[in-house]
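Down below is the structure, laid out as structure tokens.
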Amino acid sequence: MKFSLSWLKEYIPIEMTPSDLAEGLTMIGLEVDSVSDRYAYLDSVLSGRIVEIVPHPNAEKLKICFVDIGTEKRTIVCGAPNATVGMITACALPGTVFPGGKVLEKGLIYNQESSGMLCSESELGIGLDSEGIISLPADVDVGQKLASVLRLSDMVFEVDLTPNRPDCLGIIGIAREIAAMQGSFLKYPSIDAFHTGSSISEYTSVKIKNPDLCPRYSAGLLIGISVGPSPFWLQDRLLSIGLRPINNLVDVTNYVMMETGQPLHAFDFDTLSEKRIVVRAAEKGEVFTTLDSKERNLLPGMLLICDAEKPIALAGVMGGGNSEISEKTVNVLIESACFQQSSIRKTSKTLGLNTDASYRFERGVDPKGTVFALKRAALLMKEVAGGQIVDGVVDEHPIPFTEQVIALSINNTNRLLGTNLDQETMSTHLKSIDFSVKKTNEDILEVTVPSFRVDVSRHEDIVEEVARLSGYNNIPTSFPPIPAAIKPLYKQITIKDRIKDVLIGFGFTEAINYSFVKRSAVDQLRLRPEDSRRCAVEILNPLSEDQAVMRTSLIPGLLDTMHRNISWQTKNLKFFEIGRVFFNMQKKNIQPNEIEYLSCLWTGKRVENSWHGGNLDCDFYDLKGVAEGLLKALRLEGIQFTALPSENCCYHKSGHAASIYIAGELVGTIGEVHHEVLSSYNLKQTAFIMELDLDLLIKKIPENKTYKSLPKYPSVSRDITIIIDQGIEVQSVLKTLEKMNEKILENVELFDVYVGENIPEKKKSLSLRLTYRSTERTLEDDTVNIIHSKISSMLIKAFNAMLP
Amino acid sequence: MENTIEQIRENALAEIENASSVEEIKALSIKYVGRKGRITLFLRNISSLPKELRPSAGQEANETKQIVEKRITEALQQVEGSDVNSIDYIDVSLPGRVAIPGILHPISQINQEISNIFKRLGFDIAEGPEIETDYYNFEALNFPKNHPARDMQDTFFVSDDIVLRTHTSPLQIRIMEKKQPPIRVIMPGKVYRCDSDLTHTPMFHQVEGLVVDKNIGFSDLKGILTTLVHQIFDEDISLRFRPSFFPFTEPSAEVDILCVICRGKGCRVCSQTGWLEVLGSGMVHPAVFENVNYDTSQYSGFAFGMGVERIAMLKYGIDDLRKFFENDFRFLRQF
């Protein structure tokens, strides 16, 4: 909502500076977004004296003027008939932006240099005269800003109104708030000159068929008017707040709408069949052409303004071409109505047609305000377009307005606000914005809500009025009592924080990617047709195809992150992301299944280049180490990595990926990214990824820590090296040892795997360090030797192993 | 010729005593306890002694070895401490072996900061679904269907009735449905709105807060939020509360801080107003309490919400919101 200071001053004297006014409005709940001088564009228009004129060599109608603008003389090509030597006029310098957006550039006009422009009133938007350039009084100094010479200054305020305040969608509404702020009185425009009577009923009538959608419809009539451009003051007012003047009748409807907040519509009365108005809902299949010449397919229930035969306007949204004001219009019917808010919004949304009128109707207009606006508009139309106002108004009012009366409890208000305001203060505040107040008893005020405050319907709404008028910053500051008892924090959150800490310690950086991905992300991952990750949640109105569906995996986001970073020349990357993935439940209007995942990506060098050497690329075991370290840090037990069969490797490289199990349950995967996936992301360097289902994993984290007493007796270590088939997984060797259940075998550590010289082909040598310890005594060599050789022979037997 | 271990010991100790350089002492070390040193050889020869002498000789020789070794170490330390030339310097300016921690995303950093403030104030933390029903995202929060208030939040739809949550406020309802007052909880999470430019991304993060109890007033809202702002920014920052509108609070308030860039003089960041909006808040609307069957005659409460990216932008002077989701390592490592 925009208004200019000069327009505002028609209704209320303003003593504050513009910036204080802006601050005051903001603090009362009408947030001022910007304050600017509407004539700021005139800053580069100066007073200048024409010192010499010579004919233009190449154009008969043009002259070359030499203009003194104080600091210099400029050569300016000009076509104005009234340009004379000695004249002081308005000289726009290159760079000036004219109303309408045209920018003045330095240039050649018929091959003659012109570094400026001499302007008429209309070119500068400060008057209607377009016949010649402005002639300023002879005593004006040259080089002055035109705006200061003509005292042109008018501040325009733009208010970002919240949807609950349609009463301030008219300047009078804003003036009312200022009156409350200043403690001054509001001056309404006079409508006394409007003759009451009933003559109008001889000319026309209004019938409302759907009173629920149109509780009130007022109409007035002018005859014998002449349509033409509006006088300057009216055009100027509209231009000051960014509205384009159209013709005197339409301009008046817009002017009064901006003044009162009541949208109006003017019909060419003579186009109406039977000269009457019928308000009804559209029927199935009805089509209507709005005045923007677009054919609209209507849905049943959309409200229409009709004459005896046909629709003439889409109620509250836009008029029709068939009844539009034209140059030929002589008789005009003015509509000032009140429509049901949600119905107008539905129509406007469905048709994608937002107008100043629909904006106000869907927020709610003053149900008691229609006749005032109607009379005001009729009087103004008579003033600017001549003609006669037919006495009286038609005012169909099938659903009369009922006043809201709310009992306001002083105690309750103070309790809700934490204040200590007395009844008198609250009463004064409410009266200042036209609420009527009656004291019931010491605690209760009976408050009658003015009709224009359609947003106020309950006790708390009045509390807010009291609060904002007494000033939020005058409300004291206190603290709610802190509860003595607290509960443990939500486990999911504390564990996620722990995971982040651990991974950051491991050198991983957190990424946050959008939760939406492109549809083809699942194809890039080479997911099989039956993979549940193909059941993505689709967004009906995505911003772009790249963000069309909700992700079912964090991997595409991390690969995008990798791709972006590599293109920015950061090639060694360790990223993790924690976030939700979403699975479509394949049922309309059922919320999808949301699962929280952790994913890691490692690509490039194991460590950044350094003088310590070891400048190696990261590999599967680097990331596996991270996985093991993380799971250990979370005190998870029973962790198993199982080779992912190649038929299950979609986005993993076959043979280089594993499933991760915790206590027998699959919680994730780890492995090298498949080369086809990499190339679909335009990536050349290999990457390793891990995914963990956090919802599952977190359930498996033990709640309690228990302490085991430290060993009292020393341990004894024995090494063993066995040569086995290369195909045997180390895990099966370790499992076998575990299954032997030797009480004194405390730990097994794999410290070497060797393939190569001295080892037969297709064999590998494993070196294990076995640690033995008894909880009861110091172990003797003999005891250890017996067990160790038992273990050795068991391994040899089980794996057909050789000793070196 | 030294025949007894005592003699070897006496000679060794005397020579060590007289040695004055590292080289001399190292030579003595080789001479006595090296691989072919005298004490070493003596020990090796013990097996050739008569059996009955072996234990005592062995013990004595071992003791001698220990004493000599100890004196050599001591002498070396003594000499090194006084002989500047003999100090074996390492280049301490060479970089250490790489052990670089990763970086927590700035959004998570601010989130943790906010959570820590509220944990100290005795708040719980809760999370909830990012894809919500119309009921939780709008209806229950007093946004009727076909109401202009819905325009305040550009919504991504999954179906007529399912939306990507436009704010973290639906969790207020989910929490109050499950639990009776007193409630004090914050709810961090991702939210979605279909809007994208320098200052809007289609996904961003909010932290919602809710306090419900007996006798909670607007002054309590001011107290908690003032503390929050002071903790996040600084203790001296000016803030103001001004009336606003949210369908689920009444009275509603926006919280502004004095522009951290221009300190109130007016600049591009604050659109020349000198103030920056950081929080939306208000007293819980009675219609919301009615939707969760709370007794409004007994309980009152306040709710608030803030955009985490916005706080991060103001705190760190970031001018393009989209940077948060590009995960450019050069950006992230600055935090």
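Taken in order, these protein sequences are the chains called E and S.
The first sequence: position 352 = 352 (my numbering), numbered continuously.
The second sequence: position 273 = 1273 (my numbering), numbered continuously.
Just so you know, even glycine gets a beta-carbon here, dropped at the ideal spot from N, CA and C.
Leaving out five residues on either side along the sequence, give the residues of the same chain with a beta carbon under 6 Å from the beta carbon of E/SER792.
For E/SER792, the CB contacts under 6 Å within the same chain, skipping 5 residues up- and downstream, are ILE720 in chain order.
Give me the Cβ distance between E/VAL77 and E/SER44, rounded to the nearest whole Å; I'm assuming they're in contact under 8 Å.
In this structure E/VAL77 is not in contact with E/SER44, their Cβ atoms being roughly 18 Å apart against a cut-off of 8 Å.
Can you look up E/CYS168 in the DSSP assignment and give me helix, strand or coil?
E/CYS168 falls in the helix class under three-state DSSP.
Three-pair Cβ contact test at 8 Å for the stretch 146–153 of chain E versus the stretch 95–102 of chain E
Touching, no, given that fewer than three Cβ pairs across the two stretches are closer than 8 Å.
Shorter than 8 Å from the beta carbon of E/VAL463 to some beta carbon of chain S?
Interface with chain S (8 Å Cβ-Cβ cutoff): E/VAL463 is included.
Nonlocal neighbours in the same chain, by C-beta distance under 7 Å from S/GLU1024, ignoring five residues either side:
Hits under 7 Å: none found.
Please list, in chain order, all residues of the same chain as E/ALA22 whose beta carbon is under 8 Å from its beta carbon, the five residues on each side excluded.
Listed in chain order, the non-local C-beta contacts of E/ALA22 below 8 Å within the same chain comprise VAL32, VAL35, PHE157, local neighbours out to five positions each way being set aside.
E/ALA407: buried (16+ other C-beta within 10 angstroms of its C-beta) or exposed?
When all chains shown are included, E/ALA407 counts as exposed.
Give me the subset of the stretch 1176–1194 of chain S whose CB atoms are less than 8 Å from a CB atom of chain E, sorted by chain position.
Going along the stretch 1176–1194 of chain S in chain order, one finds PRO1182, ARG1184, LYS1190, TYR1192, CYS1194 with a Cβ nearer than 8 Å to chain E.
At the level of alpha carbons, what is the spacing between E/ASN247 and E/GLU324?
In a straight line, the C-alpha of E/ASN247 is about 12 Å away from that of E/GLU324.
E/TRP602, enclosing beta strand (DSSP E) - first and last residue
In the DSSP assignment, E/TRP602 falls within the unbroken beta strand (DSSP E) covering 593–603.
With a CB to CB cut of under 7 Å and the five nearest residues on each side skipped, what residues in its chain are close to S/ARG1150?
Excluding residues within five positions, the ones whose Cβ falls inside 7 Å are PHE1138, PHE1143.
What does E/ILE33 reach in chain S if we use C-beta pairs closer than 9 Å?
The question names Ile, yet the displayed sequence has Asp at residue 33 of chain E. Those are SER1271, THR1273, listed as they occur along chain S.
In chain order, what residues of the stretch 1222–1242 of chain S put their CB closer than 9 Å to some CB of chain E?
Under the 9 Å Cβ criterion, the stretch 1222–1242 of chain S contributes LYS1222, GLY1223, ILE1224, THR1226, THR1227, ARG1240, PHE1241, ARG1242.
Sufficient close CB pairs (3 or more, under 8 Å) joining the stretch 276–295 of chain E to the stretch 204–219 of chain E
The stretch 276–295 of chain E, when compared against the stretch 204–219 of chain E, does touch it at the 8 Å Cβ threshold.
Boundaries (first-last residue) of the beta strand (DSSP E) holding S/GLU1250:
Start and end: 1249–1258.
Going by the DSSP bridge assignment, what does E/ASP268 pair with across the sheet?
Among the bridge pairs identified by DSSP, E/ASP268 is matched with E/VAL332.
Label E/GLY756 either buried or exposed according to how many other C-beta atoms from any shown protein chain fall within 10 Å of its C-beta, with 16 as the threshold for buried.
Under this definition E/GLY756 is an exposed residue.
Bridge partners of S/GLY1282, per DSSP?
Looking at the DSSP output, S/GLY1282 bridges to S/SER1252, S/ALA1303.
contact_flag[the stretch 1147–1164 of chain S, the stretch 1093–1113 of chain S] where n(CB pairs < 8 Å) is 3 or more
Touching, no.
If we count the other Cβ atoms within 10 Å of its Cβ and call it buried at 16 or more, is E/ILE255 buried or exposed?
Before going on, a small fix: residue 255 of chain E reads as Tyr here, not Ile. For E/TYR255, the number of other beta carbons within 10 angstroms of its own is at least 16, and it is reported as buried.
In three-state DSSP terms, what is E/THR196?
In the structure shown, E/THR196 sits in coil (DSSP, three-state: anything other than H, G, I, E or B).
Can at least three beta-carbon pairs, one atom from the stretch 213–231 of chain E and one from the stretch 324–335 of chain E, be found at a separation below 8 Å?
Taking 8 Å as the limit for Cβ pairs, the verdict is that the stretch 324–335 of chain E does touch the stretch 213–231 of chain E.
Apart from the five residues on each side of it in sequence, which residues of its chain come closer than 6 Å, Cβ to Cβ, to S/VAL1079?
VAL1022, listed in sequence order.
Could you give the DSSP three-state label for S/LYS1331: helix, strand or coil?
One detail in the question is off: residue 1331 of chain S reads as Phe in this sequence, not Lys. In the displayed model, S/PHE1331 falls within a helix according to three-state DSSP.
What does S/PRO1101 touch in chain E if you count any residue whose Cβ is under 7 Å from its own?
What S/PRO1101 touches in chain E: ILE504, GLY505, GLY507.
Counting beta carbon pairs with one atom in the stretch 689–698 of chain E and one in the stretch 622–641 of chain E, are three or more of them shorter than 8 Å?
Result yes; three or more Cβ-Cβ pairs closer than 8 Å.
Does S/PRO1055 get closer than 8 Å to chain E when you measure Cβ to Cβ?
Interface with chain E (8 Å Cβ-Cβ cutoff): S/PRO1055 is excluded.
For E/LYS487, count the other beta carbons within 10 Å of its own beta carbon; 16 or more makes it buried, fewer makes it exposed. Which is it?
Exposed.
Does chain S have any CB closer than 8 Å to the CB of E/HIS612?
It does; some Cβ of chain S falls within 8 Å.
Under a Cβ-count criterion, where at least 16 other Cβ atoms within 10 Å of its own Cβ denotes burial, should E/VAL753 be classed as buried or exposed?
Counting every other CB atom within 10 Å of its CB across the protein chains shown gives E/VAL753 a total below 16, marking it as exposed.
Is E/TRP568 helix, strand or coil by DSSP?
Coil, per DSSP.
Among S/THR1064, S/LYS1051, S/GLU1052, S/SER1029, whose alpha-carbon lies nearest the alpha-carbon of S/PHE1042?
Residue S/THR1064 holds the alpha-carbon nearest to the alpha-carbon of S/PHE1042 among S/THR1064, S/LYS1051, S/GLU1052, S/SER1029.
Contacts around E/LEU186, its chain only, beta-carbon distance under 8 Å, and the 5 residues preceding and following it disregarded
These residues qualify, in order along the chain: TYR11, ILE12, ILE172, ALA175, ARG176, ALA179.
Am I right that E/LEU543 and S/CYS1194 are in contact with their C-beta atoms under 8 Å? What's the rounded C-beta distance?
Sure, about 6 Å apart at Cβ, within 8 Å.
So, at 7 Å on beta carbons, what are the nonlocal neighbours of E/GLY127 in its own chain, with the 5 sequence-adjacent residues on each side left out?
Here the set comprises GLU121, PHE232.
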